[in-house]
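Colleague: Handing you a structure now.
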Ligand code: ATP
Ligand code: MG
Ligand code: MG
Ligand code: MG
């Protein structure tokens with residue numbers, strides 16, 4: 001099965017169980033001060049779980065575009081270095097809003113994985129919440145018994161609160177979860193170590209694929225847990241990992257979700273994937289990051305200098321620098337991957353295909369603008385490192401990192417990454433101080449220069465002269481001293 005069929009099979013399966021297909025919410029979150037990007041399928045249903053809204057459909061299935069590069073879920077440093085964490089990924093989910101609960105969720109998950117996708121039963125492990133004495137939480141016997149209808153005892157493991165208990169926040173809906181993991185190692189490796197011992201141990205071939213959350217309680221202000229009158233199911237399965245398991249590959253990047261992009265980067269760079277680790281990381285970073293960048297821009301977030309816009313700019317610059325240093329790119333190249341992206345994802349996410357020209361143009365301009373200063377910045381960084389060597393030091397100062405940021409457009413995490421590659425580090429605290437000082441300076445300067453709306457009375461000798469059309473809305477000058 002190719003990735004398209006695998007995605008469609010998921011939706012078809014749950015439609016056959018009376019679920020309504022719902023489109024992915026945008027990856028950019030606009031109306032939630034606690035979240036910049038969608039990082040899980042549940043985000044768009046938050047109000048249903050909180051009871052602020054009533055569900056239109058009690059059962060829903062979807063494939064949600066997610067981004068995990070900030071806040072509680074930040075996988076950025078893993079991406080490309082490992083082969084199963086992405087910045088942007090698709091989370092397949094089935095949902096019950098006060099409708100079915102553990103029994104059906106467990107039965108259907110098992111049916112889909114083993115009978116429809118035909119994943120080998122002797123490679124799957126299931127985790128169940130094992131309780132938490134400190135919190136007075138009992139282990140999830142109910143889920144344990146339900147799993148034992150399908151799985152043998154030795155394939156079920158009890159897990160900790162960290163892995164197997166989900167909470168939306170300090171208060172609110174929460175509950176135990178069960179996760180399904182797969183062991184993709186070779187027979188030889190399996191003979192040496194039992195797969196059970198590698199579950200949740202960051203082993204690159206023993207990976208988590210599906211999380212089934214049973215939203216069963218409400219945590220109140222005083223920390224107590226109350227059983228919810230209507231219980232919910234919230235599941236999330238990473239499509240990229242599922243495809244890898246079904247296609248039986250060693251890496252997500254060897255599946256047809258990524259191979260068209262890898263081939264394209266091979267052609268553009270003249271380098272081969274799969275021969276040298278550092279080059280491979282660069283390939284993986286680039287084919288991962290282009291998805292995050294493109295989907296986010298298509299959903300309306302342009303790269304910029306603050307908040308969500310800066311997150312995207314940082315991801316883009318990270319990709320450009322990997323291409324520059326390890327694959328020899330000297331000109332913009334990321335935007336060239338856009339037609340492949342539109343061709344591969346356009347049918348499922350029409351927003352990328354419909355805006356192909358626009359998104360390509362934004363990426364091209366961003367790339368060009370960073371490439372203008374990248375080379376110079378890298379040379380300065382080399383110089384800093386040789387000066388440190390001479391002095392027998394390993395820490396790049398906050399001021400130096402700030403200059404790279406301010407003059408050469410190097411985001412702090414990029415400077416830190418490059419530094420780390422060669423055994424240096426950056427004084428990030430001092431960087432933050434330099435940054436804050438600059439903000440203070442520019443704030444003071446801005447206040448002096450204009451002030452968006454300066455109310456000045458007659459006695460100060462001012463009069464309203466209308467809007468200055470030369471300025472954009474954020475900098476309208478409304479008064480002028482006479
Ligand atoms: P992991 O432990 O591997 O980091 P997680 O426990 O953080 O995963 P969940 O929050 O449970 O992940 O999300 C549900 C599913 O989404 C996971 O089982 C996995 O298949 C997928 N997933 C999570 N993070 C990523 C990511 N960064 N890239 C690709 N898939 C992911
Ligand atoms: Mg994680
Ligand atoms: Mg996990
Ligand atoms: Mg998980």
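In UniProt numbering, the protein residues as written are 1 to 482. Just so it is clear, CB atoms sit at the ideal spot from N, CA and C, and this is done for glycine as well.
Would you identify the three-state DSSP class for residue 19, choosing helix, strand or coil?
Modeller: Taking the chain shown and counting its residues from 1, one reaches residue 19 at position 19. Here residue 19 sits in coil by DSSP.
Colleague: Pull up the distance between the alpha-carbon of residue 270 and that of residue 288, whole angstroms please.
Modeller: Working through the chain shown from its first residue, we reach residue 270 at position 270. Working through the chain shown from its first residue, we reach residue 288 at position 288. It is roughly 19 Å from the alpha-carbon of residue 270 to the alpha-carbon of residue 288.
Colleague: What is the rounded straight-line gap between the Cα of residue 190 and the Cα of residue 201?
Modeller: Here residue 190 is taken as the residue at index 190 of the chain shown, counted from 1. Here residue 201 is taken as the residue at index 201 of the chain shown, counted from 1. Spanning the two alpha carbons is a distance of roughly 15 Å.
Colleague: Do residue 427 and residue 397 count as a contact pair if the criterion is CB distance below 8 Å?
Modeller: Stepping through the chain shown from its first residue, residue 397 is reached at position 397. Stepping through the chain shown from its first residue, residue 427 is reached at position 427. Against a cut-off of 8 Å, the Cβ pair of residue 427 and residue 397 comes out as a contact.
Colleague: Are the stretch 208–226 and the stretch 58–67 touching, with three or more C-beta to C-beta distances below 8 Å?
Modeller: In short, these stretches do not touch, since the Cβ pair count stays below three.
Colleague: Less than 7 Å between the CB of residue 240 and some heavy atom of ligand 3, yes or no?
Modeller: As a working note, residue 240 is residue 240 in the chain shown. Flag unset: Cβ of residue 240 not near ligand 3.
Colleague: My understanding is that residue 266 touches residue 337, with C-beta atoms under 8 Å, so please give their C-beta distance in whole angstroms.
Modeller: Here residue 266 refers to the residue found at position 266 when the chain shown is read from its first residue. Here residue 337 refers to the residue found at position 337 when the chain shown is read from its first residue. Between residue 337 and residue 266 the Cβ distance is about 12 Å, and since that is not below 8 Å, they are no contact.
Colleague: Starting from the Cα of residue 543, find the closest Cα among 341, 366, 364, 365 and give me that residue.
Modeller: The first residue shown for the chain is 1 and the last is 482, placing residue 543 beyond what the model contains.
Colleague: Say the cut is 7 Å; is the CB of residue 183 nearer than that to a heavy atom of ligand 3?
Modeller: Against the chain shown, residue 183 aligns to sequence position 183. No, the Cβ of residue 183 stays beyond 7 Å of every heavy atom of ligand 3.
Colleague: If we require 3 or more residues per run, which beta strand (DSSP E) segments fall completely within the stretch 207–250?
Modeller: 225–238
Colleague: Compute the Euclidean distance between the alpha carbons of residue 388 and residue 204, then round it to the nearest angstrom.
Modeller: As a working mapping, residue 388 is identified with position 388 in the chain shown. As a working mapping, residue 204 is identified with position 204 in the chain shown. Cα to Cα, residue 388 sits roughly 36 Å from residue 204.
Colleague: Can residue 78 be considered in contact with ligand 3, in the sense that its beta carbon sits closer than 7 Å to one or more heavy atoms?
Modeller: Walking along the chain shown from the start, residue 78 turns up at place 78. Residue 78: no, Cβ never under 7 Å from ligand 3.
Colleague: Residue 211: beta carbon under 7 Å from a heavy atom of ligand 4?
Modeller: Position 211 of the chain shown, counted from the first residue, corresponds to residue 211. Correct: residue 211 has its Cβ closer than 7 Å to ligand 4.
Colleague: Would you kindly report the start and end of the unbroken beta strand (DSSP E) that includes residue 269?
Modeller: For the purposes of this step, residue 269 is taken as residue 269 along the chain shown, with counting starting at 1. No beta strand (DSSP E) contains residue 269, which is instead part of the alpha helix (DSSP H) from 259–269.
Colleague: Mapping DSSP to helix, strand and coil, what is residue 178?
Modeller: As a first step, residue 178 must be located in the chain shown, where it is residue number 178. Residue 178: strand per DSSP, three-state reduction.
Colleague: For residue 178 versus residue 128, is the C-beta distance shorter than 8 Å?
Modeller: Taking the first residue of the chain shown as position 1, residue 178 is located at position 178. Taking the first residue of the chain shown as position 1, residue 128 is located at position 128. Yes, they are a contact pair.
Colleague: What did DSSP end up calling residue 457 once you bin it into helix, strand or coil?
Modeller: Along the chain shown, one-based indexing puts residue 457 at 457. Reliability of the predicted coordinates at residue 457 is poor, the pLDDT of 35 falling under 50, and no value is obtained from them.
Colleague: Helix, strand or coil, according to DSSP, for residue 153 in the structure here?
Modeller: As a first step, residue 153 is located in the chain shown; it is residue number 153 there, counting from the start. Three-state result, residue 153: helix.
Colleague: Taking the beta carbon of residue 34 as the centre, do at least 16 other beta carbons fall within 10 Å, making it buried, or is it exposed?
Modeller: Looking up residue 34 in the chain shown gives position 34. Exposed, since its Cβ has fewer than 16 Cβ neighbours within 10 Å.
Colleague: Who are the Cβ neighbours of residue 348 in its own chain at under 6 Å, not counting the five residues just before and after it?
Modeller: In the chain shown, the residue the question calls residue 348 occupies position 348. None.
Colleague: Which partner residues of residue 59 appear in the DSSP bridge assignment?
Modeller: Mapped onto the chain shown, residue 59 falls at position 59. Paired residues: 96.
Colleague: My understanding is that residue 123 touches residue 183, with C-beta atoms under 8 Å, so please give their C-beta distance in whole angstroms.
Modeller: Here residue 123 refers to the residue found at position 123 of the chain shown. Here residue 183 refers to the residue found at position 183 of the chain shown. Contact flag correct, Cβ pair sits at about 5 Å.
Colleague: So does residue 208 have its beta carbon nearer than 7 Å to some heavy atom of ligand 4?
Modeller: Residue numbering aside, residue 208 sits at position 208 when the chain shown is read from its first letter. Closer than 7 Å to some heavy atom of ligand 4: that describes the Cβ of residue 208.
Colleague: Tell me the DSSP bridge mates of residue 425?
Modeller: One-based indexing of the chain shown puts residue 425 at position 425. BP columns for residue 425 point to 395.
Colleague: Measuring from the CB of residue 167, is there a heavy atom of ligand 4 at a distance below 7 Å?
Modeller: Position 167 of the chain shown, counted from the start, is the residue given in the question as residue 167. For ligand 4, not one heavy atom lies less than 7 Å from the Cβ of residue 167.
Colleague: Threshold first: 3 residues or longer. Then list the beta strand (DSSP E) segments lying entirely within the stretch 338–396, N to C.
Modeller: none
Colleague: Residue 289: beta carbon under 7 Å from a heavy atom of ligand 2?
Modeller: As a position in the chain shown, residue 289 is number 289, starting the count at 1. No, the Cβ of residue 289 stays beyond 7 Å of every heavy atom of ligand 2.
Colleague: How would you label residue 224, buried or exposed, when you count the other beta carbons within 10 angstroms and need 16 or more for buried?
Modeller: For the purposes of this step, residue 224 is taken as the residue at position 224 of the chain shown. Exposed, since its Cβ has fewer than 16 Cβ neighbours within 10 Å.
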